[in-house]
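Trainee: Per the working numbering, the very first residue in the sequence shown carries number -19; after that it's consecutive.
Sharing a structure with you now.
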Amino acid sequence: MLSSSLMAQEIHPSARTVDGLEWDAKERFMVRARLIDVLPEDNSSTTIGGSIDADFRVAPEVDFTYFFTDHIAAELIAATTKHDVSAKNTALGDLDLGSVWALPPTLTAQYHFNPHGQFRPYAGAGLGYVFWYNDDAGPVVNDIKYENGISYALQAGIDIGISENWSWNFDVKKLFHSVDAKVNGGAVRANVDIDPWVIGTGIAYRF
-19 MLSSSLMAQE
-9 IHPSARTVDG
1 LEWDAKERFM
11 VRARLIDVLP
21 EDNSSTTIGG
31 SIDADFRVAP
41 EVDFTYFFTD
51 HIAAELIAAT
61 TKHDVSAKNT
71 ALGDLDLGSV
81 WALPPTLTAQ
91 YHFNPHGQFR
101 PYAGAGLGYV
111 FWYNDDAGPV
121 VNDIKYENGI
131 SYALQAGIDI
141 GISENWSWNF
151 DVKKLFHSVD
161 AKVNGGAVRA
171 NVDIDPWVIG
181 TGIAYRF
């Protein structure tokens, strides 16, 4: 007599058993909703001395993953965050440079180490493009412009299965991005290497 697991394979051969949970190998899509915290590691310089400081905030994030195989996947990450910007210890003192929003869509290639287990770690690397928008120069300067540009990403995380299609996710990314900013039409220029850690957790659904 066939065991219950073998009978399940006969009935639905594309199914996989995940510690008592079952999911279909044809379910190639996954969507996640996370809350992320951005921890800055910035290095900057300006033409009037001092440094640029950007305040990072907790924000929602959504990503979409497609599995080409059980182990290989691509993830598209989307989030937008508001940042309060200031210049510290310049020749003109400390300056409030207002605020700006960042939209950095990022595409990573991932390798999933244990795709059929309850604990499914993964690692990835990829590229993004940072769009800066809705900038508000604040009370001190007349205008400030940020140049859009390419970013690079390293990633590691884990999905923990909680039902047939649902899992809980923990994710850590390291982003690398350099931005040039022009204040008052270029009278003052700044270059900022924004290399934050992005730590997130949330829910995932595979279908």
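Heads up, the beta-carbon is just placed ideally off N, CA and C, and yes, glycines get one too.
(1) On the criterion of 16 or more Cβ atoms from any shown chain inside 10 Å, does Glu34 qualify as buried, or is it exposed?
(2) Given 8 Å as the limit, is there contact between the region 56 to 65 and the region 92 to 100, that is, 3 or more CB pairs closer than that?
(3) Just to confirm my understanding: we take Phe150, look at its own chain, exclude 5 residues before and 5 after, and list those with CB closer than 7 Å. What are they?
(4) Quick test of the definition: if touching needs 3 or more C-beta pairs under 8 Å, does the region 108 to 126 touch the region 39 to 47?
(5) By the DSSP assignment, the beta strand (DSSP E) with Ser66 in it spans what residues?
(6) Note down, in chain order, each residue of its chain lying with its Cβ closer than 7 Å to the Cβ of Ile28, except the 5 sequence neighbours on either side.
(7) In the DSSP assignment, the beta strand (DSSP E) including Ser31 goes from what residue to what residue?
(8) Quick check on the burial criterion: 16 or more other C-beta atoms within 10 angstroms. Buried or exposed for Tyr126?
(9) For the candidate residues Gln90, Gly106, Trp177, whose alpha-carbon lies nearest to that of His51?
Mentor: Inspection of the coordinates gives the following:
(1) With the sequence shown as reference, residue 34 is identified as Ala, and Glu is not the correct amino acid for it. Buried, because 16 or more other Cβ atoms sit within 10 Å of the Cβ of Ala34.
(2) no
(3) Gly137, Ile138, Thr181
(4) no
(5) 61 to 70
(6) Thr70, Ala71, Leu72, Val168
(7) 31 to 35
(8) buried
(9) Gln90
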